[in-house]
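Structure first, commentary second.
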Amino acid sequence: MKPAKKLITLLNVRRAYSVFFFALFLILLYITDFRHLKGYETPLFLELDPLVAFTAFFTSFTVYKGLVLSLLIIIPTIFLGRFFCSWVCPFGILNQWISHLFNKRRAVDDYRTNAYRDLYRVKYYILAALCVLAIFGALQVGLFDPIALMTRSFTIGIYPAANYIAGGIYIKQPLFIGGLLVSVIFLLIVAGNRFITRFWCRVLCPLGAFMGVLSMASVLRIRRDIDKCTDCQRCLRYCHGGCEPHGQLRYSECHLCMTCVEQCPEGAIHYGLSEEASSVHRPVDVNRRRLIETVVGAVVLFPIMRSAVNEANLPQSGLIRPPGSIEEGDFLRRCIKCGQCMRVCPTNVIQPALLEGGLEGLWTPVLQNRIGYCEYNCVLCGHVCPTGAIMPLTVEKKIGKKPDIKPTKIGTAFYDHGRCLPWSMNVDCIVCEEVCPTSPKAIWFKEEELRLRDGTVRKFKRPIVDTQLCVGCGICENKCPVHDKPAIRVTPIGETRSKTNRMILKG
Amino acid sequence: MPSKVNDKARRLSRREFIIKLSTAAAVSAVCGAAALVFHSGEPVNRRNNKIYTFKNYRVSDTSPTLPKIAIAHGKDADKMVRAAVEKLGGIGQFIKPADKVLIKPNVGWDRQPELAANTNPDVVAAVVRLCIEARAASVWVTDVSINDPYRSFARSGIEAAVLKAGGIVKFTTGNDFLDTDLKGEILKIWPVSAFFHQVDKVINIPIAKHHSLSKCTLSMKNLYGTLGGQRNRLHQDINVSIADLAVAIRPTLTVMDATRVLRTNGPTGGSISDVAQGDTIIAGTDDVAIDTYALSFLDLKVADVPYIQMAELRGVGISDWKSLNPAEFTV
């Protein structure tokens, strides 16, 4: 008779953690909206993410607010090893489940798919490139950071798709410019599990690589007793990290998934301190020459990036940033393209930029007034931004309070008289004036008598923008009945955050 | 030399031959039938969308001796609403037991109650309570907000007030519109919030506000909030479109909120200095009369507001409200 299996093993505890944290991720992202956001720490996963805190520290030498929570991951990792990837990381957990579905589960295949490959070094080179860029002051970590990637993909792709099928998440089906690109990248990464188990985690993930480096000093590790081990290699069958527990364990690849401990028929593997007959471990496997090449590449890339036009050095594409955004140069040093602001925005106006703000600004938040507009009394985006690229505003600070607090302007509206109905079509309209939210309204009108084609004379109300009052919210552009290219459009000039993007001397 | 790829095909038995042949014939027949059925000169086969019309929400059997309009002055919204409706013959005149009731306040904007851009939540709650006391089967409150609906209902205080009073808030989402024939001069077939086709009675609860183009937004203008689609185009002929709406939708009862009146910078307001205390509730079944009475809060006359005259000409009501046996009182 087989002995009864123990229920509370490290493996089962890890499984419970993974279900809990994956569900927590989904719930926190679900409640990131006006109706459910009641002071919960919705960007928690992004704040726990050591790579975000570490690289954003180098670009601006602060550890912003909640990012200090990353210590909850960093410090245990130093002692315990790279536990994050299979215990906490929602993307790691998702990849594990997906690859388990994809696996053929024939022992002969498992040994091959879970073997270590030189390809797994790539993530260290990605990490090196991202860190070097960060040290110079360019934050591109959001492209590869798994938490930012997953938050962005769920915000832009998965949740809207779920709403399309079942409804219930949004009141209005959200639309995202270039959303398909973000989703397809996500799906391709997940599909990568078909070819290499946990393809993302083992090959590409810079956060995993970062944890691997941190775990160099760890004292508690998976240990194999060479006297008890019979080289059956069963430990390899369900190995998450591809870390060779049957040989000299590559501790920097090991996720502490604990399956090898449970699988071993001889009880030769344990997690803990090294013992009399424990096998030696292998250090981080990087090719020093490749590493130097990568670093040199990044060093060369940085000045090239700085010689390309972006919104900071030449505001020309008219990118409107969310209210509370810091000055563009700093903004690019803080934004990790996670999409939290896009998730929380009630009008769907915050969109992922494509290339309009330069390659550096890919997927950073921009306001697209054809899709939504900035709700006058709404300050949600700044409150969910984990890195302070968008600072949290109070309503008073956003809309201003006479006489001392000036409103936060994100742009200025301009009329295109050739398209405006009362200006050039002799048709009544002034919807823009109706919806203008400031008091007194930034859009006013003058009544002008006009002689029409048939000789009759009629009065028309012709709208005009008061640049002193306009906050650039864009509701006029959004509600303009000249629908395809509105007769009133907002550009960021005059925005509070910039000292240089200004036109009016006194404004 | 014979081929190396030498697996030989089997000869079909008679039975297999017949089965194969009849399968092929059946597939061909299905293809042919489908082609015949779907053959069409139209490039796209559209299912005929049903075009709805508004049902008659009015009650006809009100006694002619009762006033058509009741004007209550006072401070307590609940008391004023109750007293005004009582003067019209009581809520039982309008809402019968097991009626499904839809209440249409103005919840257009993401604004606090004090700014008077939306209907006073106390007034909405009072009407919800009246309907529940009249044993209505369901009391829904809806609007097609211009700002984000969730924010507008939450920050106007109306969502909380309605839920507390026992009503249900119905948010209009993108799919909640039905094409409806309004049979107007410019408003023909237009998407209308589906809830209007799912109820028996409609109570309109506008707030008196300033509006730059139409001069004022009162009870008839409040019906804009039933429409979806590109309603921003209606501004191009705002007076005719308001009159069209007033003819198309005849609410069972109108309760005008003039407890606070937005006198300037309408219809959004945004500053306490735009708001004046009106301390009045006007209830009635004649929207033209109610709107005409409310003009005094905005220093306007009937001659300033073309849509009131248009609606009167088209038989919606009578602008001479004094002729309607009005009950004006203070509670």
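Taken in sequence, the protein lines are chains U and R.
So in our numbering, spot 191 of the first sequence is number 191, and the numbers just go up one at a time.
With the second sequence counted from 1, adding 1000 to any position gets you our numbering.
We put the CB at the ideal spot given by N, CA and C, even for glycine.
All of these numbers come straight from a predicted model, not from anything done at the bench.
Run through the DSSP bridge pairs and tell me what residue i is partnered with.
{"i": "E448 of chain U", "result": "U:F460"}
{"i": "T1180 of chain R", "result": "R:Y1052 and R:W1190"}
{"i": "K1104 of chain R", "result": "R:N1204"}
{"i": "L97 of chain U", "result": "Correcting the residue identity first, residue 97 of chain U is Trp in this sequence and not Leu. The partner list for W97 of chain U (beta bridge, DSSP) is empty, contrary to what the question assumes."}
{"i": "P365 of chain U", "result": "U:P352"}
{"i": "V1199 of chain R", "result": "None; V1199 of chain R has no bridge partner."}
{"i": "K1215 of chain R", "result": "R:H1211"}
{"i": "F414 of chain U", "result": "U:R489"}
{"i": "F102 of chain U", "result": "In the DSSP output, where bridge partners are listed per residue, F102 of chain U has none listed."}
{"i": "R224 of chain U", "result": "U:I269"}
{"i": "G1284 of chain R", "result": "R:I1069 and R:T1254"}
{"i": "I1168 of chain R", "result": "R:W1140"}
{"i": "A1332 of chain R", "result": "This structure gives no information on residue 1332 of chain R, because the portion of chain R shown stretches from 1001 to 1331."}
{"i": "T59 of chain U", "result": "DSSP output for T59 of chain U lists no bridge partner at all."}
If we ignore side chains and look at the alpha-carbon of each, how far apart do residue i and residue j end up?
{"i": "W1140 of chain R", "j": "V1199 of chain R", "result": "9 Å"}
{"i": "V1275 of chain R", "j": "C480 of chain U", "result": "27 Å"}
{"i": "D1244 of chain R", "j": "E1312 of chain R", "result": "12 Å"}
{"i": "A1165 of chain R", "j": "E1133 of chain R", "result": "11 Å"}
{"i": "N1239 of chain R", "j": "L332 of chain U", "result": "50 Å"}
{"i": "I1069 of chain R", "j": "D1279 of chain R", "result": "17 Å"}
{"i": "C345 of chain U", "j": "A1029 of chain R", "result": "55 Å"}
{"i": "A442 of chain U", "j": "T1053 of chain R", "result": "40 Å"}
{"i": "F1177 of chain R", "j": "Q263 of chain U", "result": "59 Å"}
{"i": "G1266 of chain R", "j": "Y125 of chain U", "result": "60 Å"}
{"i": "R224 of chain U", "j": "C243 of chain U", "result": "13 Å"}
{"i": "A1289 of chain R", "j": "I1207 of chain R", "result": "15 Å"}
{"i": "N1325 of chain R", "j": "D1287 of chain R", "result": "15 Å"}
{"i": "R1250 of chain R", "j": "L37 of chain U", "result": "40 Å"}
{"i": "C470 of chain U", "j": "N478 of chain U", "result": "15 Å"}
{"i": "V1261 of chain R", "j": "L505 of chain U", "result": "38 Å"}
{"i": "S279 of chain U", "j": "G272 of chain U", "result": "13 Å"}
{"i": "V531 of chain U", "j": "K65 of chain U", "result": "Nothing can be reported for residue 531 of chain U, as the shown portion of chain U is limited to 1 through 507."}
{"i": "E207 of chain U", "j": "L359 of chain U", "result": "It is Leu, not Glu, that sits at residue 207 of chain U in the sequence shown. Distance between the alpha carbons of L207 of chain U and L359 of chain U: 22 Å."}
{"i": "I74 of chain U", "j": "L48 of chain U", "result": "9 Å"}
{"i": "D1179 of chain R", "j": "T1226 of chain R", "result": "12 Å"}
{"i": "C201 of chain U", "j": "N95 of chain U", "result": "8 Å"}
{"i": "A1246 of chain R", "j": "Y1150 of chain R", "result": "27 Å"}
{"i": "R458 of chain U", "j": "L450 of chain U", "result": "5 Å"}
I believe residue i touches residue j by the beta-carbon criterion, under 8 Å. Please report the beta-carbon distance rounded to the nearest angstrom.
{"i": "T491 of chain U", "j": "T364 of chain U", "result": "Not quite, the Cβ-Cβ distance comes to about 17 Å (not below 8 Å), so this is no contact."}
{"i": "D1122 of chain R", "j": "A1161 of chain R", "result": "7 Å"}
{"i": "G380 of chain U", "j": "F102 of chain U", "result": "The question names Gly, but residue 380 of chain U in the sequence shown is Leu. With a Cβ gap of about 38 Å, L380 of chain U and F102 of chain U do not count as contacting."}
{"i": "C473 of chain U", "j": "P437 of chain U", "result": "6 Å"}
{"i": "I1095 of chain R", "j": "C1131 of chain R", "result": "5 Å"}
Closest to residue i by CA distance: which of the options is it?
{"i": "L584 of chain U", "options": "U:I165, U:Y271 and U:V296", "result": "Outside the displayed span of chain U (1 to 507) sits residue 584 of chain U, for which this structure offers no information."}
{"i": "R282 of chain U", "options": "U:Y251, U:S60 and U:Q316", "result": "U:Y251"}
{"i": "G318 of chain U", "options": "U:V384, U:E434, U:I73 and U:I410", "result": "U:I410"}
{"i": "E119 of chain U", "options": "U:A128, U:L67, U:I196 and U:S215", "result": "Note on residue identity: the sequence assigns Leu, not Glu, to residue 119 of chain U. When each option's Cα is compared against that of L119 of chain U, the closest is U:I196."}
{"i": "R15 of chain U", "options": "U:S70, U:H255, U:H246 and U:I158", "result": "U:H255"}
{"i": "A107 of chain U", "options": "U:R152, U:Y238 and U:K499", "result": "U:Y238"}
{"i": "Y1307 of chain R", "options": "R:T1252, R:K1055 and R:S1214", "result": "R:S1214"}
{"i": "R1231 of chain R", "options": "R:I1203, R:S1273, R:I1146 and R:S1022", "result": "R:I1146"}
{"i": "M305 of chain U", "options": "U:K6, U:R321, U:L133 and U:K172", "result": "U:L133"}
{"i": "T9 of chain U", "options": "U:C260, U:I430 and U:E275", "result": "U:C260"}
{"i": "Y376 of chain U", "options": "U:K402, U:I475 and U:I320", "result": "U:I475"}
{"i": "I430 of chain U", "options": "U:T456, U:V482 and U:T387", "result": "U:V482"}
{"i": "A1136 of chain R", "options": "R:L1223, R:I1091 and R:S1323", "result": "R:I1091"}
{"i": "S439 of chain U", "options": "R:T1330, R:G1270, R:S1319 and R:I1318", "result": "R:G1270"}
Would residue i count as contacting chain A if we go by Cβ distances under 8 Å?
{"i": "P437 of chain U", "result": "Checking the listed chains, one finds no chain A in this structure; the protein chains it contains are U and R."}
Assess, as a yes-or-no matter, whether the stretch 142-158 of chain U is touched by the stretch 221-234 of chain U under the definition of 3 or more beta carbon pairs within less than 8 Å. no
Could you tell me whether the stretch 327-336 of chain U touches the stretch 294-313 of chain U, using the rule of 3 or more Cβ pairs below 8 Å? yes
Evaluate the contact criterion for the stretch 1241-1257 of chain R versus the stretch 1218-1226 of chain R: three or more CB pairs, one atom per stretch, below 8 Å. yes
Three Cβ pairs or more, each shorter than 8 Å: is that satisfied between the stretch 1150-1158 of chain R and the stretch 1100-1113 of chain R? yes
Tell me, please, whether the stretch 1176-1194 of chain R touches the stretch 181-192 of chain U by the rule of three or more beta-carbon pairs shorter than 8 Å. no
Would you be able to state if there are at least three C-beta pairs under 8 Å between the stretch 386-400 of chain U and the stretch 1165-1174 of chain R? With the cut-off at 8 Å, the stretch 1165-1174 of chain R and the stretch 386-400 of chain U do not touch.
Counting Cβ pairs closer than 8 Å, one from the stretch 136-143 of chain U and one from the stretch 314-323 of chain U, do we hit at least three? no
Measuring CB atoms only, is the stretch 419-439 of chain U touching the stretch 484-500 of chain U, in the sense that at least three cross pairs come out at less than 8 Å? The stretch 419-439 of chain U makes contact with the stretch 484-500 of chain U, as at least three CB pairs between them are under 8 Å.
Does the stretch 25-32 of chain U come into contact with the stretch 40-51 of chain U, if we say contact requires no fewer than three beta-carbon pairs (one atom in each stretch) closer than 8 Å? yes
Inspect the CB distances between the stretch 333-342 of chain U and the stretch 151-163 of chain U and report whether three or more fall short of 8 Å. In short, these stretches touch, since the Cβ pair count reaches three.
When you compare the stretch 69-84 of chain U with the stretch 206-214 of chain U, are there three or more beta-carbon pairs, one atom per stretch, that lie closer than 8 Å? yes
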